[in-house]
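Let me begin by presenting the structure, written as structure tokens, before commenting on it.
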Amino acid sequence: MRKTYNGKKIDVSFDAKRCIHAAECVKNLPKVFDTKKRPWINTSNADVDSIVRVVEMCPSGALEYDRKDGHSNECHNQNVISVGENNEIYIKGNFTFKYKNEAYSLNRAIFKGQSGEDEYPFYTLDD
Numbered sequence: 001m002r003k004t005y006n007g008k009k010i011d012v013s014f015d016a017k018r019c020i021h022a023a024e025c026v027k028n029l030p031k032v033f034d035t036k037k038r039p040w041i042n043t044s045n046a047d048v049d050s051i052v053r054v055v056e057m058c059p060s061g062a063l064e065y066d067r068k069d070g071h072s073n074e075c076h077n078q079n080v081i082s083v084g085e086n087n088e089i090y091i092k093g094n095f096t097f098k099y100k101n102e103a104y105s106l107n108r109a110i111f112k113g114q115s116g117e118d119e120y121p122f123y124t125l126d127d
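Following full-length UniProt numbering, the numbering of the sequence shown begins with 1 at its first residue and continues without gaps.
So, in structure tokens, the structure goes:
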């Protein structure tokens with residue numbers, strides 16, 4: 001389930017089920033993303049462009065944002081697909097993923113093999 005942290009200029013949301021703990025957020029902007037504090041995301045501690053830059057580093061798409069300053073939200077000029085060290089497939093771009101008669105508009109996702117299991121082939125979209 002996605003939780004939203006509201007700010008004056010930007011809202012940041014987090015989906016714990018999609019998080020792979022790459023820690024790009026806490027490494028690159030610890031004054032906004034601090035897992036030792038509650039709430040752990042505080043958008044008032046940095047400028048909007050810095051928050052956007054770090055949220056877009058999140059490989060799984062667990063973090064998303066909604067700008068309130070009139071600038072556009074995440075949009076990519078091209079799709080990029082790469083393979084990780086455990087053969088997971090990283091996708092970054094603007095794409096639609098169809099699964100069991102549902103369509104999901106995504107900017108970032110990680111697909112993984114699940115041979116013999118009837119699960120989503122990536123870090124879950126389930127709520």
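Idealized CB from N, CA, C, for every residue including glycine.
Judged by DSSP secondary structure, Ile-91 falls within the beta strand (DSSP E) whose first and last residues are 89–99. Taking C-beta atoms under 8 Å as the contact rule, Trp-40 and Asp-47 fail to qualify, at a distance of about 19 Å.
Lys-3 is bridged by DSSP to Phe-14. Nearest neighbour of Ser-82 by Cα position, chosen from Lys-92, Leu-29, Val-52, turns out to be Lys-92. Counting along the chain, Asp-49 sits inside no beta strand (DSSP E); it lies in the alpha helix (DSSP H) bounded by residues 48–55. Inter-residue distance for Gly-84 and Phe-95 is about 19 Å (C-alpha atoms, whole angstroms).
Nearest C-alpha to Tyr-90 among Pro-59, Arg-2, Gly-7, Arg-53: Pro-59.
Among the bridge pairs identified by DSSP, Glu-64 is matched with Ser-13.
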